[in-house]
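Take any residue in the sequence shown, count from 1 to its spot, add 32: that is its number in this note's numbering. Ideal placement from N, C-alpha and C gives every residue a C-beta, glycine not left out. The structure displayed is predicted, hence computed values, not measured ones. Taking it in order: structure first as structure tokens, then the write-up.
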Amino acid sequence: MTDQRLERRRTGWLLAGLWGLLLVLAALRPLAVPDEGRYAEVGRWMLQSGDWLTPRLNGLPFFHKPPLLHWLQAASMAVFGENAWAARLVPALHAGLMLLGVYLASRALAPALAPKASAEAFARRAALMFGTSLAFLLGGQYVNHDMLVAAWIATAIWLFAFAFLHGERPHAGLARLGFVACALGVLGKGLIGVVLPGGVIFFWLLATGQWRKMPRLPWFSGLALFALVAVPWFVLEQRLYPGLFDYLFGDQQFRRYTAGGFNNAHPWWFYGVALLALFFPWLFWVFFAAKPGVKPSSVATENKAFQIWLLCLIWVGLIVGFFSIPRSKLVGYVLPVLPPLALLATLGWERMFGARAGAPRLLAALCLAGVALAAVLEPLSTRLTRDKRADDLAQTLACAASPEDTVYVLGGYPYDLPFYVRTPKPFVVLQDWPALRRTAGDNWARELFEAGDFEPATAAQVLQSPEVLPDAARRPGQWLLVPHDHPDGDWKHGWVLVQRGRAWSLYRSAPERPVAAEHESLRGCHR
């Protein structure tokens with residue numbers, strides 16, 4: 033076996049080990065709320081109901097994001113069971129896709145960026161930097177849409193960039209795959225799946241004088257592939273729910289981007305701090321990846337190095353700038369910039385250390401530090417939502433309730449509990465809904481009543497008034513969940529406390545249900 037094949041095999045084992053570590057970490061904590069509980073339950077409900085067209089939260093159409101995450105989670109749960117690890121496998125697979133993209137792109141670009149270095153060693157270093165970052169080890173297992181869309185945005189940019197670097201005529205096959213990656217990004221999280229990769233490539237072509245190549249893209253076949261993948265679901269759902277486009281693209285994307293009043297408001301410099309944490313400790317070496325000292329008249333290899341450096345700069349600057357404009361900011365929004373940062377950090381490392389004897393030991397020590405930090409933060413992160421979770425009530429409810437029973441919720445919504453108990457019926461959420469429409473901010477209540485607007489008949493069944501509680505308390509097989517911060521009142525009459533959890537209390541109606549010889553519990557019961 034040649035030395036090159038041995039080196040690639042070594043890299044393969046390292047990448048597999050990093051992804052395996054991610055999968056192990058993904059099995060060590062309960063679902064965080066609200067995001068992980070919400071999105072895992074949407075996937076579970078899709079699998080249970082058999083309705084793979086319309087995502088649903090508590091039985092109501094849920095159109096905050098397109099359905100790719102929910103489809104993949106439902107498929108994962110069909111194979112691996114309805115558990116948190118199966119839900120986390122979807123973002124983990126996309127983190128693995130991003131890791132593979134970093135490795136393959138770095139190996140292909142190494143001869144231009146670092147001609148004196150081994151291309152395999154250069155690419156392995158880039159993959160190790162990304163694979164031992166918190167972005168990969170923690171962000172890669174978090175159940176939401178961020179890692180999924182980040183992976184497809186990054187994949188699209190790599191594919192289009194390599195298509196244009198191919199020569200005077202862009203590589204048609206790579207470009208077509210780029211269109212498909214954009215379509216999957218749109219199905220993952222909406223318009224940013226095409227706007228961000230399109231913007232990065234457009235400004236890069238302008239900055240490098242390659243804009244004349246744009247008409248030579250396979251536009252007809254590429255757009256046809258994009259439409260074939262991305263468009264059908266939107267068309268079908270718009271026919272079923274005529275307000276979908278305005279809600280999904282208008283409210284959840286355009287107005288959320290341009291208007292205030294949404295959660296997670298942060299200052300403009302927020303993403304600088306976020307990237308320091310996400311790419312610790314490797315961000316430091318990005319600053320050593322200085323501009324290649326080449327001129328437009330330089331030889332092709334040097335020119336290519338400048339083009340790649342400029343691609344990374346525009347990639348990071350445009351996406352960070354784009355998400356810094358709105359007041360609402362979340363850490364996961366900047367995950368798409370991790371691949372160019374990994375490439376720049378590797379280039380900076382190469383320029384700082386080159387072939388120095390102690391560099392491999394320092395690299396190994398920093399990799400271990402990154403893994404250790406992730407291992408320490410993993411259990412600590414579970415405490416952040418400890419006082420909001422309801423998972424400690426799951427076994428009691430799942431084993432005592434039957435599939436025909438009704439679960440009422442007063443004063444909030446326990447995002448994680450339906451997933452753990454695997455209820456076949458939506459919870460009945462009790463609030464003064466007309467008043468909440470006037471006062472609710474960007475919270476759980478707005479999610480539910482806006483979802484209910486798409487199906488008023490379903491909403492009338494699952495979004496009710498607290499006035500139904502006295503009658504429910506007189507019937508057997510009725511359950512009530514109330515958060516501890518909800519004030520006491522007449523609602524307690526007729527309800528018997530079953531368990532007081534960390535954040536929620538579980539009650540049952542006073543009349544005892546006759547217990548059959550073999551009580552049929554909910555599917556989440558593990559005796």
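Starting from residue i, follow its DSSP beta bridges and name the residues at the other end.
{"i": "R540", "result": "W511 and V528"}
{"i": "V439", "result": "W511"}
{"i": "R638", "result": "With the chain covering only 33 through 559, there is no way to say anything about residue 638."}
{"i": "Q496", "result": "L462"}
{"i": "R88", "result": "P93"}
{"i": "A297", "result": "S360"}
Would you mind stating whether residue i and residue j have Cβ atoms separated by less than 7 angstroms?
{"i": "Y445", "j": "D423", "result": "no"}
{"i": "F196", "j": "K148", "result": "no"}
{"i": "N90", "j": "P466", "result": "no"}
{"i": "S253", "j": "R201", "result": "no"}
{"i": "G163", "j": "D448", "result": "no"}
{"i": "A151", "j": "R139", "result": "yes"}
{"i": "Q510", "j": "T438", "result": "yes"}
{"i": "S537", "j": "R507", "result": "no"}
{"i": "A116", "j": "Q105", "result": "no"}
{"i": "E73", "j": "P450", "result": "yes"}
{"i": "F211", "j": "L257", "result": "yes"}
{"i": "V65", "j": "K420", "result": "yes"}
{"i": "A167", "j": "L370", "result": "yes"}
{"i": "A321", "j": "L398", "result": "no"}
{"i": "I185", "j": "G222", "result": "no"}
{"i": "L79", "j": "A110", "result": "yes"}
{"i": "W523", "j": "Y539", "result": "no"}
{"i": "Q173", "j": "A259", "result": "no"}
Could you name the residues of the same chain whose beta carbon sits closer than 6 angstroms to that of residue i, not counting the 5 residues immediately before and after it, in chain order?
{"i": "A126", "result": "Residue 126 is actually His in this sequence, not Ala. Contacts found: M179, L180 and A183."}
{"i": "A377", "result": "M161, W314, W317 and V318"}
{"i": "E39", "result": "E152"}
{"i": "S434", "result": "E552"}
{"i": "L50", "result": "G163"}
{"i": "L400", "result": "none"}
{"i": "T86", "result": "P93"}
{"i": "W77", "result": "R88"}
Cutting at 7 angstroms between CB atoms, please list the residues of its own chain near residue i, excluding the five before and the five after it.
{"i": "L276", "result": "F95, E269 and Q270"}
{"i": "T455", "result": "V439 and L554"}
{"i": "A306", "result": "V363 and V366"}
{"i": "K336", "result": "A144 and L197"}
{"i": "A491", "result": "L92 and G484"}
{"i": "Y273", "result": "P93 and F486"}
{"i": "Y279", "result": "F95"}
{"i": "G44", "result": "none"}
{"i": "C344", "result": "P372, L375 and L376"}
{"i": "P498", "result": "L442, L462 and W523"}
So, for residue i: in the same chain, excluding its five sequence neighbours on each side, which residues have a beta-carbon less than 8 angstroms away from its beta-carbon?
{"i": "L60", "result": "E410 and P411"}
{"i": "L131", "result": "L47, L50, W51, A159, F162, G163 and F168"}
{"i": "F154", "result": "S138, R139, A142, L145, A146, T378 and E382"}
{"i": "I346", "result": "V232, F235, W236 and A239"}
{"i": "G533", "result": "A422, D424 and L425"}
{"i": "L219", "result": "P98, P99, L100, G225, V261, A262 and W265"}
{"i": "L308", "result": "L315"}
Please report the Cβ distance between residue i and residue j, rounded to the nearest whole angstrom; I am assuming they are in contact, meaning their Cβ atoms lie under 8 angstroms.
{"i": "L529", "j": "L442", "result": "Wrong, their Cβ atoms sit about 14 angstroms apart, outside the cutoff."}
{"i": "L501", "j": "F481", "result": "So it is not a contact: roughly 19 angstroms between Cβ atoms."}
{"i": "V249", "j": "W243", "result": "First, the amino acid is wrong: residue 249 is Leu here, not Val. The Cβ separation is near 12 angstroms, so there is no contact."}
{"i": "L100", "j": "T187", "result": "In fact, because the Cβ distance is near 14 angstroms, the residues do not count as touching under 8 angstroms."}
{"i": "F354", "j": "Y303", "result": "Not quite, the Cβ-Cβ distance comes to about 10 angstroms (not below 8 angstroms), so this is no contact."}
{"i": "W190", "j": "G133", "result": "5 angstroms"}
{"i": "R310", "j": "G171", "result": "The question names Arg, but residue 310 is Leu in the sequence shown. Right, the Cβ-Cβ distance comes to about 7 angstroms (below 8 angstroms), so this counts as a contact."}
{"i": "V494", "j": "V460", "result": "6 angstroms"}
{"i": "A504", "j": "H516", "result": "Rounded, the Cβ-Cβ distance is 21 angstroms, inconsistent with contact."}
{"i": "H102", "j": "G75", "result": "5 angstroms"}
Looking at the C-beta of residue i, does it have a partner C-beta in chain E at a distance below 7 angstroms?
{"i": "W301", "result": "Among the chains in the structure shown there is no chain E, since it carries only a single protein chain."}
Is it true that the segment 228-239 meets the segment 280-287, where meeting means three or more beta-carbon pairs spaced less than 8 angstroms apart? no
Are at least three pairs of beta-carbons, each pair with one atom in the segment 413-430 and one in the segment 391-405, less than 8 angstroms apart? Under the three-pair Cβ rule at 8 angstroms, the segment 413-430 does not count as touching the segment 391-405.
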